[in-house]
Each structure stands twice: as structure tokens, then as C-alpha cells.
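These notes are about the structure you will find just below.
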Amino acid sequence: MRVVLVLGTPGTTWGGMETHTRDLAQGLAQRGVDVHVLAHPAYEWAFHAGATFHSLPLDQGRRHPWLRHCLRRDVTALKPDVVHAQGHKAAALLSALSRQPHRPVRLGTVHGEKRTNRAFEALDGVIVVNQRLASRLSHPQVRVIRNGVVPVDRPTSRPESCPAGQPLLLASGRLEPVKQFDRLIRAWAAIGTPGQLVILGDGRERHALQDQIDTLGIGDNTHLVGHRADARAWPWLADLFVLPSAREGLPYSVIEALLAGCPVVSTPVGDIPDFLPKTCIADNTDLASITRLLADTMVRLPSLAGEQSDVFQRAQTELSVTAMVDATVRFYQQCLEPVRND
Numbered sequence: 598m599r600v601v602l603v604l605g606t607p608g609t610t611w612g613g614m615e616t617h618t619r620d621l622a623q624g625l626a627q628r629g630v631d632v633h634v635l636a637h638p639a640y641e642w643a644f645h646a647g648a649t650f651h652s653l654p655l656d657q658g659r660r661h662p663w664l665r666h667c668l669r670r671d672v673t674a675l676k677p678d679v680v681h682a683q684g685h686k687a688a689a690l691l692s693a694l695s696r697q698p699h700r701p702v703r704l705g706t707v708h709g710e711k712r713t714n715r716a717f718e719a720l721d722g723v724i725v726v727n728q729r730l731a732s733r734l735s736h737p738q739v740r741v742i743r744n745g746v747v748p749v750d751r752p753t754s755r756p757e758s759c760p761a762g763q764p765l766l767l768a769s770g771r772l773e774p775v776k777q778f779d780r781l782i783r784a785w786a787a788i789g790t791p792g793q794l795v796i797l798g799d800g801r802e803r804h805a806l807q808d809q810i811d812t813l814g815i816g817d818n819t820h821l822v823g824h825r826a827d828a829r830a831w832p833w834l835a836d837l838f839v840l841p842s843a844r845e846g847l848p849y850s851v852i853e854a855l856l857a858g859c860p861v862v863s864t865p866v867g868d869i870p871d872f873l874p875k876t877c878i879a880d881n882t883d884l885a886s887i888t889r890l891l892a893d894t895m896v897r898l899p900s901l902a903g904e905q906s907d908v909f910q911r912a913q914t915e916l917s918v919t920a921m922v923d924a925t926v927r928f929y930q931q932c933l934e935p936v937r938n939d
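The sequence shown begins at 598 in our numbering and counts up one residue at a time.
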């Protein structure tokens, strides 16, 4: 089987969708699939294990004629059995692609909530990363396949910039408005509890968030540490992981925290209500709800790991890369069956 993965992000940041595509490519290659990745050249470094990388000018808009030409050229030359779009932009490009003579199956994965999922309607099948996203699709061929993570071992030493001596609260992700780190920072400043808040990641809001920290006068216990190569080790050292987002599925950062046995509290987004106890979920995504959740959690912090022990065990069973890749291959085979029978 030959599979082409189209990663529709512009090469500016590395996040959950990019991680998913890398792990999927590696897992498919390990199962003997001939994998080709079409992505922005900034991501070539991530796809050296088992996959063949092809550069696309994905910093251009989805309607840009040169981008569409390059995609059509590569898919025509590769003659894949399956073309699998990652995200809404890649799905829109794939939907606009004229049918190839050899009729590859066209699939797409919805990684997060958008105003519309129209880009996926013309595809042969759709994968979603949580049940909530599935409920918003009317496509006849939808499969829920949760993200999976390759576990990392407990670090033997503490990262140099990891604060010590007080409870460590961790948040992670692209520094973009939808992640609502501004509300987390305000909530943390409001409760005034001893501890250190560390936010991992980078993005266009970094300067604004740092200005906010400086204005609130909490620079001694609130830290933006940027993108770090050792980011996946931090949940092992944290006392709490906080997800303040306005929209999410079940993000990699949460899965990594659960696999490390780090308690998680969150806004009520994506599949979070299906995993976490109600007492660990905010009433809403607004500032007041996040502040109440954070204040209550800090009081209960010593017992929180025990409260989530069943959640940690479930994560070990359900949220592995092996389970994700196996389910994806089965979906490929299901979608290929009608084509093979023609």
C-alpha cells in the first residue's frame, strides 16, 4: 500500500497536528506501508524515519494556483492508494484536486473545531480525533481514532529551567488566542497561591503574554520558557497540568501528562469530559470559571493524583501510538475495499 500524507500547516510552528503526522508516518512505515509526506520544507527534519519527504509551498493560501499545481503534480506522479489530508487546509486542497485516473482514496483527519467542516464533505472518508467532532459531521464514512503518544521515560535529572521548591503547574501549546493562556495567567495572578506556573511553547502571542505577566507583577512565579526539546519530560516533574483552551480535541499535551501520571484540570473542551472527573473540569471557558477551578484545585492538589489514578490507567491502554496506527490502517483498508471491487 502506498499512502501520501498531506500536512497542511505553513511551517511556522510545531504542534499536535505535526506530531500526529510524524508519528503516523513512522508507524505506517514500520508496518511496511510505502509512506510519502507532502509538507512545508521547514518540517523535512521530522520525517527522516521511514517516509519519503516532498516539499510543498504550504505557506501559500489554500486557493493559490501554484500550491494546487504542486499538489496535483506530486499526487499524479506518486499514484498512491490513499491520500490522507491532515487538517482543514489540506482537506480543502484535496477536495479541490481533480480525480486521478488511478482513483486514489481521499481521506482527511479533523484535528480541531472550526466554524465549518465543509472541506471534508467531498472526501471518501473522515477521521476525527474525538467523539465530539464526530457528532458535528454528517459524512457517511466517519471513524473516531484518538491521538496516540509514544511514552517517554521518567527523566533522570530536572531540566535546568524547571523551578524547584514549590508546586509546579504546567501548561503547554502554541501561544495563540484559542489556547487562552492570557486567562490562565490572569487566573493564576488572582488566586495568589504559592507555586510556579510554567508555560511551554511559542507563538505570536508570546510578547503580549510576557507584557501581561510583567504588568501583573508575577514574573517571579510565572514563566514563558518557549519551545524546548525536553518538553515531554516536564509532565513527569509537574504537580499539575492545566488546559485553559477555548477549543480542543484531546491534545497531545494532555495525553503526555496523563501517561506521566501528572494530574490534569481543564476547561470543558473536546473529549476532556469523557476522561476527567467533573471536579477537575471548569464550568466554562471564561476567566471566572478558570479562576474557580484553579483555586479549588490548589486546595486539593495533594490528593489529586489519587483521584485520577483510573484516568492514568485508561490513558496507558487507549492512548498509544500503536492503537492509533492500527486503527488508521484498518480504516484505510475499509475505504479501499469498494475501489478494489470495482
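Note that CB positions come from ideal geometry on N, CA and C, so glycine has one too.
What number of angstroms, rounded off, separates the C-alpha of residue i from the C-alpha of residue j?
i       : j       : result
Thr-819 : Thr-753 : 25 Å
Gly-846 : Ile-742 : 11 Å
Leu-933 : Gly-705 : 14 Å
Gln-931 : Gln-807 : 49 Å
Arg-751 : Val-851 : 16 Å
Leu-781 : Gly-798 : 14 Å
Gly-647 : Gln-627 : 7 Å
Asp-893 : His-645 : 45 Å
Ala-693 : Glu-710 : 21 Å
Arg-783 : Gly-745 : 32 Å
Leu-664 : Ser-732 : 32 Å
Asp-883 : Trp-833 : 28 Å
Met-895 : Leu-690 : 46 Å
Pro-607 : Leu-821 : 23 Å
Asp-880 : His-708 : 23 Å
Can you tell which of the options has the C-alpha that lies nearest to the C-alpha of residue i?
i       : options                            : result
Leu-604 : Val-632, Thr-864, Lys-676          : Val-632
Val-747 : Ala-902, Thr-618, Asp-811          : Thr-618
Ser-906 : Ala-854, Trp-831, Gln-809          : Ala-854
Pro-935 : Pro-832, Leu-813, Glu-641, Asp-721 : Asp-721
Trp-831 : Ser-842, Leu-916, Ala-857          : Ala-857
Gly-613 : Phe-717, Arg-829, Leu-690          : Arg-829
Ile-887 : Thr-864, Gly-658, Val-822          : Thr-864
Phe-909 : Val-861, Thr-876, Asp-923          : Val-861
Val-725 : Ala-719, Thr-713, Leu-691, Gly-684 : Gly-684
Glu-615 : Cys-667, Gly-658, Thr-673, Ala-682 : Ala-682
Ser-900 : Ala-805, Asp-836, Val-739, Gly-624 : Asp-836
Trp-611 : Leu-625, Ala-674, Pro-638          : Pro-638
Phe-717 : His-699, Arg-825, His-736          : His-736
Met-699 : Arg-715, Ala-688, Val-679          : In the sequence as displayed, the identity of residue 699 is His instead of Met. It is Val-679 whose Cα lies nearest to the Cα of His-699.
Phe-778 : Gly-789, Gln-738, Arg-844          : Arg-844
Val-672 : Gln-657, Arg-703, Gly-658          : Arg-703
Going by the DSSP bridge assignment, what does residue i pair with across the sheet?
i       : result
Gly-613 : DSSP lists no partner for Gly-613.
His-681 : Leu-602, Leu-704
Asp-631 : Arg-599
Ala-648 : Val-632
Thr-819 : Leu-794
Arg-740 : Ile-724
Ile-810 : Answer is none; Ile-810 lacks a bridge partner.
Ser-917 : Val-746
Ile-878 : Ser-863
Val-839 : Val-862
With DSSP run on the structure shown, which of helix, strand or coil describes residue i?
i       : result
Gly-903 : helix
Gln-793 : strand
Val-672 : helix
Ala-828 : helix
Leu-834 : helix
Ala-761 : coil
Ala-768 : strand
Ser-754 : coil
Gln-657 : coil
Ala-854 : helix
Ser-695 : coil
Thr-713 : coil
Leu-847 : coil
Asp-883 : coil
Roughly how far, in whole angstroms, is the beta-carbon of residue i from the beta-carbon of residue j, given that I think they are within contact range, below 8 Å?
i       : j       : result
Arg-801 : Glu-773 : 7 Å
Val-634 : Met-598 : Not really, about 15 Å apart at Cβ, beyond 8 Å.
Leu-898 : Pro-701 : Not a contact, Cβ separation roughly 51 Å.
Phe-872 : Leu-767 : About 17 Å separates the two Cβ atoms, so there is no contact after all.
Leu-655 : Ala-636 : 7 Å
Val-600 : Pro-677 : 6 Å
Asp-868 : Arg-670 : With a Cβ gap of about 38 Å, Asp-868 and Arg-670 do not count as contacting.
Cβ of residue i less than 8 Å from any chain D Cβ?
i       : result
Arg-619 : Reference to chain D is not applicable here, since this structure consists of a single protein chain.
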